[in-house]
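Participant: Take the sequence shown: its letter number 16 is residue 16 in UniProt numbering, and every next letter is one higher.
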Amino acid sequence: MDLVDAWVWWLIAAVGLGIPLVITAMPEFGMFAVGAVAGAAAAGLGGGIVAQVIVFVVVSVALLVFVRPLAYRNRQRPEQRSGVDALKGRQAVVLERVDGGAGGRIKLGGEVWSARALESGQVFDPGQHVDVVEIDGATAVVM
């Protein structure tokens, strides 16, 4: 096996490790894929098979030890909500009278939303600040 074959095989291994990364969203596969790319670089620079494997192992383990904890810590933060979940609990300003029946309009996160009051007897006049309780379709439910 010459140098070209060795680095090509490492790149094929990197792609093979990247497929489960995409399917399962497990970052460990990505770290092993980066290790395989490092092994390909070692092969391309003329390193022997022992050097290639050592580079693969060192890079993969380093990523697992240093990057994996950061990835898991950032993934499990409850305050990092997205989509409509990120809007719940935020404050908005009433633009048009909001009540429990016909509803009205609010400005929420720089955007104008249709809104209705949480309880049918509640009425909010323009300029008042309200709290978003939930998002029901394209309507913010406020109190």
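For every residue, glycine included, the Cβ atom is placed at its ideal position computed from N, Cα and C.
#1: Can you name, in chain order, every residue of its own chain whose Cβ lies under 8 Å from the Cβ of GLN91, other than the five neighbours on each side?
#2: Just to confirm before moving on: does the CB-CB distance between LEU95 and ALA140 stay below 8 Å?
#3: Give the DSSP bridge partners of GLU111, in chain order.
#4: With a CB to CB cut of under 8 Å and the five nearest residues on each side skipped, what residues in its chain are close to ARG97?
#5: Within its chain, find whatever has a CB closer than 6 Å to the CB of ALA42; leave out the 5 residues flanking it on each side and keep chain order.
#6: Would you mind giving the Cβ-Cβ distance between ILE106 and ALA115, rounded to the nearest angstrom? I have them listed as a contact below 8 Å.
#7: Between the beta-carbon of GLY18 and the beta-carbon of ALA40, is there less than 8 Å?
#8: Can you tell me whether GLY35 is buried or exposed, with buried defined as 16 or more other CB within 10 angstroms of its CB?
#9: Can you give me the C-alpha to C-alpha distance between LEU70 and PRO27, rounded to a whole angstrom?
#10: Just tell me which of VAL59, ALA14, VAL37 and VAL142 has its CA closest to the CA of GLY101.
#11: Let me make sure I understand the geometry here. Which of GLY47, ASP99, VAL22 and GLY48 has the alpha-carbon closest to that of GLY121?
Facilitator: Based on what the coordinates show:
#1: Taking the first residue of the sequence shown as position 1, residue 91 is located at position 91. Here the set comprises HIS129, VAL130, ASP131 and VAL132.
#2: Locating residue 95 in the sequence shown gives position 95, where the first residue counts as 1. Locating residue 140 in the sequence shown gives position 140, where the first residue counts as 1. Taking 8 Å as the Cβ cut-off, LEU95 and ALA140 do not qualify as a contacting pair.
#3: Residue mapping note: residue 111 aligns to position 111 of the sequence shown, counting from 1. Looking at the DSSP assignment, GLU111 forms a beta bridge with LEU108.
#4: Numbered from its first residue, the sequence shown carries residue 97 at position 97. GLY104, VAL123, PHE124, ASP125 and PRO126, listed in sequence order.
#5: Within the sequence shown, the letter at position 42 stands for residue 42. These residues qualify, in order along the chain: ALA51, GLN52 and VAL55.
#6: Mapped onto the sequence shown, residue 106 falls at position 106. Mapped onto the sequence shown, residue 115 falls at position 115. Going by Cβ atoms, the distance from ILE106 to ALA115 rounds to 4 Å, so yes, they are a contact pair.
#7: The residue given as residue 18 occupies position 18 in the sequence shown. The residue given as residue 40 occupies position 40 in the sequence shown. Against a cut-off of 8 Å, the Cβ pair of ALA40 and GLY18 comes out as no contact.
#8: Numbered from its first residue, the sequence shown carries residue 35 at position 35. With 16 or more other Cβ atoms within 10 Å, it is buried.
#9: Taking the sequence shown and counting its residues from 1, the one referred to as residue 70 is at position 70. Taking the sequence shown and counting its residues from 1, the one referred to as residue 27 is at position 27. Spanning the two alpha carbons is a distance of roughly 11 Å.
#10: As a working note, residue 101 is residue 101 in the sequence shown. The candidate whose alpha carbon is nearest that of GLY101 is VAL142.
#11: Translated into positions along the sequence shown, residue 121 becomes position 121. Closest by alpha carbon: ASP99.
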